[in-house]
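Undergrad: In the numbering used here, the protein residues as written are 253 to 302. All C-beta atoms in this analysis are idealised placements derived from N, C-alpha and C, irrespective of residue type, glycine included. None of these values were measured; they are calculated from a predicted model.
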Amino acid sequence: PSTGKTCLPKALLNLHSGHNDTIPVLMDIAEQTGNLREFINTPFRDVYYR
Numbered sequence: 253p254s255t256g257k258t259c260l261p262k263a264l265l266n267l268h269s270g271h272n273d274t275i276p277v278l279m280d281i282a283e284q285t286g287n288l289r290e291f292i293n294t295p296f297r298d299v300y301y302r
């Protein structure tokens, strides 16, 4: 079942000292593919992640 999580929320949940080197890479890919808005605004659908 889908929880509605994309790579970005997963990366934000896995910060190390407030930082995750993967986030800028993911943002660049989303921007280059024209999916930045959808990528950032992905809702958490599963109550576990709220």
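If you drop the 5 nearest sequence neighbours on each side, which residues of the same chain put their C-beta closer than 7 Å to that of L278?
TA: Counting from 1 along the sequence shown, the entry for residue 278 is found at position 26. Cβ neighbours of L278 beyond the five flanking positions: C259, L260 and A263.
Undergrad: Leaving out five residues on either side along the sequence, give the residues of the same chain with a beta carbon under 6 Å from the beta carbon of A282.
TA: Here the question's residue 282 lines up with position 30 in the sequence shown. Same-chain partners within the cutoff: L288 and F291.
Undergrad: Any idea what DSSP makes of P253, helix, strand or coil?
TA: To locate residue 253, count along the sequence shown from 1; it is residue 1. Only weak support is given to the placement of P253: the predicted model assigns it a pLDDT of 44, under 50, and the question is left unresolved by the model.
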